[in-house]
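Student: Those sequence lines, one after another, are chains U and F. Offset between the first sequence (1-based) and my numbering: plus 47. Offset between the second sequence (1-based) and my numbering: plus 88. Each residue gets a CB set at the ideal place from its N, CA and C atoms; glycine is no exception. The structure's right below; bear with me while I get my questions together.
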Amino acid sequence: MGDTGRARVLDTYEHIDQEEELLGSHLARLQAVKGYKASAIMTFRGELLASHSIDAQIDLSVVGKVFNDIFKTAHEVSEKIGLNSCLETVINTPRGMIIMRCSGLEALIHFHLLVIIAADGNLALSKMELEKMTGPILAALS
Amino acid sequence: MALESYLDRFKKINGYKASAIMNFTGEILAQDSNDPNIDLGLVGATFNDIFRTAHEASDKIGLEACREASISTPKGIIIMRCSGIKAKVHYHVIAIFSADGNQALAKMEMEKMIPLVMEELA
């Protein structure tokens, strides 16, 4: 590989690192929400673009794809019954809540956000933060 | 009391579209719909699969099996509730409302009907 080619590859890696750092900074605002456990930004296929977890049991590189599949199936079946594709899904369990948010099927970039909080965490604030984050992340990815 | 009569609670709620009681494998035990687009006999099993996958995934990350899931779309909301995987009878309830429907009341009604339907099925 010539110098120019190598430089180009290094540039690309640097660009990816910067992008991950930038996307990760968007997740920081969720970390202030009461009960926060983990969060991620994923492509609509479930590939992780950025993730963060403070719970040793939650590895989003392992379960992120499963939650993304749940969301994608919800997209399809909601559409099938005439309600349009889903924008948000909330899963409640005795010990926590998983909130997933979609940028929109027709958005410039279709991506998914995921946040996991404890059962006594602030669900309403999490939803508000996800709503606020969607625009800036869309801009960052465009 | 017929299982269908428990679904009457939902029919009075603002924005009601459809509802069903299913066993945990997704077989419909009772259903109702006032929206010609929604036939829970056809799509109920898919929603049930979503719920069962959510059970497993939540359990895997230490949050225990999920009790409730809600899917919001621009035109409606789908609410699913589980009686509990360790309950006397493990079954699922689903209710669908328009986007401006009263989802808080729907969730309250679900909470109230869970033990009643459980007694009926036990």
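1) Which runs of the beta strand (DSSP E) fall wholly inside the region 165-205 of chain F and span at least 3 residues, in chain order?
2) Counting pairs of beta carbons, one from the region 115-125 of chain U and one from the region 107-117 of chain F, are three or more of them closer than 8 Å?
3) Have a look at Gly-168/U, Met-175/U and Val-162/U and flag the residue whose alpha-carbon is nearest the alpha-carbon of Gly-71/U.
4) Got a sec: is the Cβ-Cβ distance from Val-114/F to anything in chain U below 9 Å?
5) Alpha helix (DSSP H) containing Val-14/U: first to last residue?
6) Span of the beta strand (DSSP E) holding Thr-190/U?
7) Determine whether the beta carbon atoms of Leu-69/U and Ala-187/U lie at a separation below 9 Å.
8) Would you check if there are 3 or more beta carbon pairs closer than 8 Å linking the region 151-166 of chain F to the region 188-199 of chain F?
9) Just curious, the alpha helix (DSSP H) that Asp-116/U is in, first and last residue?
10) Compute the distance between the beta-carbons of Pro-183/U and His-73/U, then report whether it is under 9 Å.
11) Within the same chain, show all residues whose beta-carbon is closer than 6 Å to that of Ala-54/U, passing over the 5 residues directly before and after it, in chain order.
12) By the criterion of Cβ-Cβ separation under 7 Å, what are the contact partners of Arg-97/F in chain B?
13) Alpha carbon to alpha carbon, how far is Ala-166/U from Lys-84/U?
14) Taking the alpha-carbon positions, what's the Lys-195/F to Ile-167/F distance?
15) Where does Gln-119/F fall in DSSP's three states?
16) Which of helix, strand or coil does DSSP assign to Gly-82/U?
17) Considering only residues of the same chain and omitting the five flanking positions on each side of Glu-144/F, which have a CB-CB separation below 7 Å?
Tutor: Result, derived from the coordinates:
1) 179-186
2) no
3) Val-162/U
4) This sequence places Gly at residue 114/F; Val is not what is there. Chain U, which has no Cβ nearer than 9 Å to the Cβ of Gly-114/F, makes this no.
5) Since the first residue shown for chain U is 48 and the last is 189, residue 14/U is missing from the structure and cannot be characterised.
6) It is not possible to answer for residue 190/U, since the shown part of chain U is limited to 48 through 189.
7) yes
8) yes
9) 107-127
10) yes
11) Low confidence applies here, because Ala-54/U scores a pLDDT of 45, under 50, leaving its location unreliable and the question unanswered by this model.
12) In the displayed structure, chain B is absent; the protein chains listed are U and F.
13) 11 Å
14) 8 Å
15) strand
16) coil
17) none
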